[in-house]
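Engineer: The opening position of the sequence shown corresponds to residue 9 in the working numbering, with each subsequent residue numbered one higher. The structure follows.
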Amino acid sequence: MNPLKHVAIIMDGNGRWGIKHHNSRNKGHEAGLATVEAAIKVALEKNIRYLTLFAFSTENWKRPKTEVNFLFKLLESFLKKKIEEFNKNQIKLKIIGEKKFDKKLNKLLNVCEKKTKNNLKLQINLALNYGSKKEIINAIKILNKKGTKINKKNLSNALYTSDSPDPDLLIRTGNTKRLSNFLLWQLSYSEIFFSKKLWPEFKTKDFLNVISQYKRIKRNFGKI
Ligand code: IPE
Ligand code: IPE
Ligand code: MG
Numbered sequence: 009m010n011p012l013k014h015v016a017i018i019m020d021g022n023g024r025w026g027i028k029h030h031n032s033r034n035k036g037h038e039a040g041l042a043t044v045e046a047a048i049k050v051a052l053e054k055n056i057r058y059l060t061l062f063a064f065s066t067e068n069w070k071r072p073k074t075e076v077n078f079l080f081k082l083l084e085s086f087l088k089k090k091i092e093e094f095n096k097n098q099i100k101l102k103i104i105g106e107k108k109f110d111k112k113l114n115k116l117l118n119v120c121e122k123k124t125k126n127n128l129k130l131q132i133n134l135a136l137n138y139g140s141k142k143e144i145i146n147a148i149k150i151l152n153k154k155g156t157k158i159n160k161k162n163l164s165n166a167l168y169t170s171d172s173p174d175p176d177l178l179i180r181t182g183n184t185k186r187l188s189n190f191l192l193w194q195l196s197y198s199e200i201f202f203s204k205k206l207w208p209e210f211k212t213k214d215f216l217n218v219i220s221q222y223k224r225i226k227r228n229f230g231k232i
């Protein structure tokens with residue numbers, strides 16, 4: 009049985025779910041939060057140490073301003089509501105991506121990170137304004153500036169995810185098979201599962217089902 013330390017998720021399909029059920033993409037983003045909560049619960053129960061959630065990409069700025077604003081408002085109210093509970097459950101919140109939002113949100117994110125920084129049960133890496141290519145270029149610049157040798161270890165250590173092992177498992181919901189600029193370096197040996205379900209439809213049992221399939225895979229890492 010494969011150990012499972014780190015799960016990464018591309019939470020895709022909110023907009024389509026919202027249109028289908030309520031004729032509103034934003035309703036889909038709201039509904040997706042319940043799946044986020046369920047996934048965190050599974051991670052806690054299954055002793056998964058790291059959960060990386062793709063919430064907003066560097067490319068998502070191309071969406072209509074109304075949707076972008078709604079997403080950040082939703083994030084703000086979600087964090088305000090949940091941060092004490094996260095803390096109580098020994099969850100550490102870390103933002104990966106460029107924290108360049110409005111002052112109020114930047115401040116809230118910093119407060120949440122600071123409050124939970126010593127928690128050890130589960131680390132949630134929340135990918136916000138995250139783009140993998142940008143992350144890699146940024147890492148190379150950091151190494152160059154310090155005159156540090158460019159090798160695999162040093163580059164990994166200069167990524168936003170420096171304090172997490174590479175994901176064992178990537179799940180993408182929403183019936184789309186692409187990486188959309190997510191963790192291109194870190195996913196080099198991850199097991200990848202694509203679900204046809206839209207993110208708000210992806211239930212605890214679906215997550216558990218992926219985990220149990222993952223556990224039985226023969227992972228080779230180049231060996232036989
Ligand atoms: C993913 O759902 C969430 C974000 C990118 C914020 P989408 O909003 O991409 O949903 P679809 O893919 O349009 O259905
Ligand atoms: C990926 O979903 C980003 C997030 C889930 C936050 P997108 O819906 O933005 O991906 P593309 O544009 O369809 O590839
Ligand atoms: Mg999408």
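Glycine is no exception: its CB is placed at the ideal position from the N, C-alpha and C atoms. Keep in mind that this is a model prediction, so the values were computed, not measured.
What span of residues does the beta strand (DSSP E) with Tyr138 cover, start to end?
Structural biologist: Locating residue 138 in the sequence shown gives position 130, counting from the first residue. It spans Leu130 to Tyr138 - the beta strand (DSSP E) in which Tyr138 sits, taken as one unbroken run.
Engineer: When you compare the CB positions of Asn55 and Lys102, do they come within less than 7 Å of one another, or not?
Structural biologist: Locating residue 55 in the sequence shown gives position 47, where the first residue counts as 1. Locating residue 102 in the sequence shown gives position 94, where the first residue counts as 1. No, these two residues do not count as a Cβ contact at 7 Å.
Engineer: Given Gln131, which residues of its chain have a CB within under 7 Å of its CB, disregarding the five upstream and five downstream residues?
Structural biologist: Start at 1 with the first residue of the sequence shown, and residue 131 comes out as number 123. Cβ neighbours of Gln131 beyond the five flanking positions: Arg57, Tyr58, Lys100, Lys102 and Ser172.
Engineer: Quick check on the burial criterion: 16 or more other C-beta atoms within 10 angstroms. Buried or exposed for Phe201?
Structural biologist: On the sequence shown, position 193 is the one that residue 201 refers to. Buried.
Engineer: At the level of alpha carbons, what is the spacing between Gly105 and Glu209?
Structural biologist: In the sequence shown, the residue the question calls residue 105 occupies position 97. In the sequence shown, the residue the question calls residue 209 occupies position 201. Approximately 27 Å between the Cα atoms of the pair.
Engineer: Does the Cβ-Cβ distance between Leu151 and Trp25 come in under 7 Å?
Structural biologist: Position 143 of the sequence shown, counted from the start, is the residue given in the question as residue 151. Position 17 of the sequence shown, counted from the start, is the residue given in the question as residue 25. Not a contact, by the Cβ cut-off of 7 Å.
Engineer: Given a threshold of 16 other Cβ atoms within 10 Å of its Cβ, counted over all protein chains shown, does Leu167 qualify as buried or as exposed?
Structural biologist: Counted from its first residue, the sequence shown places residue 167 at position 159. Counting Cβ neighbours within 10 Å, Leu167 comes out buried, since at least 16 surround it.
Engineer: Quick check on the DSSP output: the alpha helix (DSSP H) that includes Ala16 runs from which residue to which?
Structural biologist: By one-based count along the sequence shown, residue 16 stands at place 8. Segment His14 to Ile18 is the beta strand (DSSP E) holding Ala16; no alpha helix (DSSP H) there.
Engineer: Could you check how far apart the C-beta atoms of Asp176 and Glu199 are, in whole angstroms? I think they sit under 8 Å.
Structural biologist: Sequence index remark: in the sequence shown, residue 176 carries index 168 (1-based). Sequence index remark: in the sequence shown, residue 199 carries index 191 (1-based). About 7 Å separates the two Cβ atoms, so the contact holds.
Engineer: In chain order, which beta strand (DSSP E) runs of at least 3 residues are fully inside the region 132-207?
Structural biologist: Whole beta strand (DSSP E) segments, 3+ residues: 177-180 and 199-202.
Engineer: To which residues of the same chain is Glu84 closer than 8 Å at the C-beta, ignoring the five residues directly before and after it?
Structural biologist: On the sequence shown, position 76 is the one that residue 84 refers to. Closer than 8 Å at the Cβ level, and outside the excluded window around Glu84, lie Lys112, Leu113 and Leu116.
Engineer: My output table needs one value for Ile225: the three-state DSSP class, helix, strand or coil.
Structural biologist: What you label residue 225 is simply residue 217 of the sequence shown in a count that begins at 1. Ile225 falls in the coil class under three-state DSSP.
Engineer: How would you write the range of the beta strand (DSSP E) that Ser65 sits in, first residue to last?
Structural biologist: Position 57 of the sequence shown, counted from the first residue, corresponds to residue 65. Counting along the chain, the beta strand (DSSP E) containing Ser65 begins and ends at Tyr58 to Ser65.
Engineer: Secondary structure at Lys3, three-state DSSP: helix, strand or coil?
Structural biologist: Nothing about residue 3 can be reported from this structure: the residues present for the chain run from 9 to 232 only.
Engineer: According to DSSP, what are the bridge partners of Lys70?
Structural biologist: Taking the first residue of the sequence shown as position 1, residue 70 is located at position 62. Looking at the DSSP assignment, Lys70 forms no beta bridge with any residue, so it has no partner.
Engineer: Measuring only the C-alpha atoms, how far is Lys125 from Thr60?
Structural biologist: Locating residue 125 in the sequence shown gives position 117, counting from the first residue. Locating residue 60 in the sequence shown gives position 52, counting from the first residue. If I take the Cα positions, the gap works out to 16 Å.
Engineer: Take Glu140 as the anchor and find which of Phe64, Lys122, Phe80 and His29 has the nearest alpha-carbon.
Structural biologist: By 1-based counting over the sequence shown, the position of residue 140 is 132. A small fix is needed here, since residue 140 is Ser in this sequence, not Glu. That would be Phe64, whose Cα lies nearest to the Cα of Ser140.
Engineer: Rounded to whole angstroms, what's the CA-CA distance from Leu82 to Leu178? Just pull it up for me.
Structural biologist: In the sequence shown, residue 82 corresponds to position 74, counting from 1. In the sequence shown, residue 178 corresponds to position 170, counting from 1. Approximately 24 Å, taken between the alpha carbons.
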